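Reviewing the structure listed below.
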Amino acid sequence: MRKILLASSTAFLLCLSSAQAQERKLVISVYGFAQDAFKTILYDPFEAKCGCKVVVETGNSVERLAKLEANKNAPVIDMAVVATPDALAASRANLIEPIDVSKLTNYDKLYDVAKDPIGGHLSVGYTFYATSIVYRSDKVTINSWNDLFSKELAGRVAFPNVTTNQGPPTLYMIGKAMGQNTPDLKAPIEKVAEHKDDFVTFYVRSSQLTQLMQQDEIWAAPIGRFAWEGFAKMNLPIKWATPKEGQTGGMNVMILTKGAKNKELAYQFMDFWLSTEIQTKLAEKLIDSPANKEVKLDPKIADNLTYGEETAKSLDLQPADAILDNRESWISQWNAKVGQ
């Protein structure tokens, strides 16, 4: 009887331990792309390391921020990844809290631009990308953002719509080239309006561009570096411009939900994602450009990413508050002067 009771107690404790392990759950909110790769490289290895369950929720930024807002009094998400303006919007809505960077062992490995992107340690950058101009080097030479309006390129340029991720950064750099670098983007929008008949299209998806380039319909287009691979594979003389005014871009960041139920797991997961090993594996699959400066990549891989300290330092990123505070005005101006 004693042995039976002992065995029963042991079984009960094992069941209790198993139940407790199952209760260790981290809920994350992320973009929907490349989830199979993220599962293999990031989620599964972290689950094995922490003995916990990673629950992944995906969607676009608007949907995911709305869910954070709807559950602000009883958070169901522990951490999320968003673009810097969305992180600032979440901060203004009191949905996130400062990140204790002392709990991130890989924090000092990050490029400076990724350490505190919106201030107050409210976010940590995990990937960024450059925005510049891809062009047919056998047809034209591009040395400035103003070259998008040259006579040689009239009728040969695809320009990003203002509602896309590449629209405002492109306008920002055009304004800089014009010497009219103000957050309202009034001058560059007016310049695009003056030349709108010279553009083949105001694109909304970068996937449109490789076909247009292949068919010789366009010779140049502003793009994010993440879209470069498709052009690099084409059997055409195509280059990535390094305009004299510089390159801009964007950054995705990690944020910690205010009142997160599993805060310590969130910190462990953030740190794991920022590690040299994980950042290297994601970069090698061309998923994310690394924010960790210790990542070393083969030149063939690096050429398809925003990579290296010199590149990181050279990025002229729009301030998150300028984007957030002016976005509706940009769209209004664009619709009035350029059209849909």
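As numbered in mature numbering (1 follows the signal peptide of the UniProt record, and there is no 0), residues -21 to -1, 1 to 319 make up the sequence shown, in order.
The C-beta atom is built at its ideal place from N, Cα and C for all residues, glycine as well.
These numbers come from a predicted model, not from an experiment.
Identify every residue that forms a DSSP beta bridge with residue i.
i	result
residue 226	294
residue 60	233
residue 271	89
residue 78	In DSSP, residue 78 forms no bridge with anything.
residue 182	139
residue 36	8
Whole angstroms is fine: what's the gap from residue i's alpha carbon to residue j's?
i	j	result
residue 265	residue 58	23 Å
residue -4	residue 3	Confidence in residue -4 is poor, its pLDDT being 45 and thus under 50, which makes the residue's placement unreliable; the coordinate value appears in the next sentence. Rounded to the nearest angstrom, the two C-alpha atoms are 10 Å apart.
residue 30	residue 254	19 Å
residue 165	residue 175	15 Å
residue 291	residue 275	14 Å
residue 45	residue 52	13 Å
residue 311	residue 55	35 Å
residue 106	residue 316	34 Å
residue -1	residue 251	Unreliable positioning characterises residue -1 in this predicted model, as indicated by a pLDDT of 45, which lies under 50. The coordinate reading is nonetheless provided below. Approximately 20 Å between the Cα atoms of the pair.
residue 299	residue 64	5 Å
residue 6	residue 123	45 Å
residue 183	residue 267	21 Å
residue 196	residue 217	14 Å
Let me check understanding here. Comparing Cα to Cα, which of the options lies closest to residue i?
i	options	result
residue 155	224, 141, 109 and 217	224
residue 249	86, 71 and 282	86
residue 200	132, 142, 33 and 35	132
residue 284	187, 126, 114 and 109	109
residue 35	222, 293, 13 and 137	13
residue 10	185, 184, 280 and 62	62
residue 158	125, 280 and 136	125
residue 48	72, 60, 32 and 26	72
residue 193	115, 93, 75 and 98	115
Spatial neighbours of residue i within its chain, please: C-beta separation below 7 Å, excluding the five flanking residues on both sides.
i	result
residue 15	none
residue 302	64 and 147
Give every residue of the same chain whose Cβ lies closer than 6 Å to the Cβ of residue i, excluding the five residues on either side of it in the sequence, and list them in chain order.
i	result
residue 258	269, 271 and 274
residue 39	none
residue 167	150, 153 and 154
residue 318	none
On the premise that residue j lies in contact with residue i, defined as a C-beta separation below 8 Å, what is that separation, rounded to the nearest angstrom?
i	j	result
residue 189	residue 210	6 Å
residue 149	residue 139	6 Å
residue 320	residue 228	With the chain represented from -21 up to 319, any question about residue 320 goes unanswered, as that position is not in the structure.
For residue i, which residues from the same chain have a beta carbon less than 8 Å from its beta carbon, with the 5 sequence-adjacent residues on both sides left out?
i	result
residue 83	103, 246, 249, 250 and 253
residue 287	281
Is the beta carbon of residue i within less than 7 Å of some heavy atom of the ligand FAD?
i	result
residue 155	Within the structure as shown, the ligand FAD is missing, as the structure has no ligands at all.
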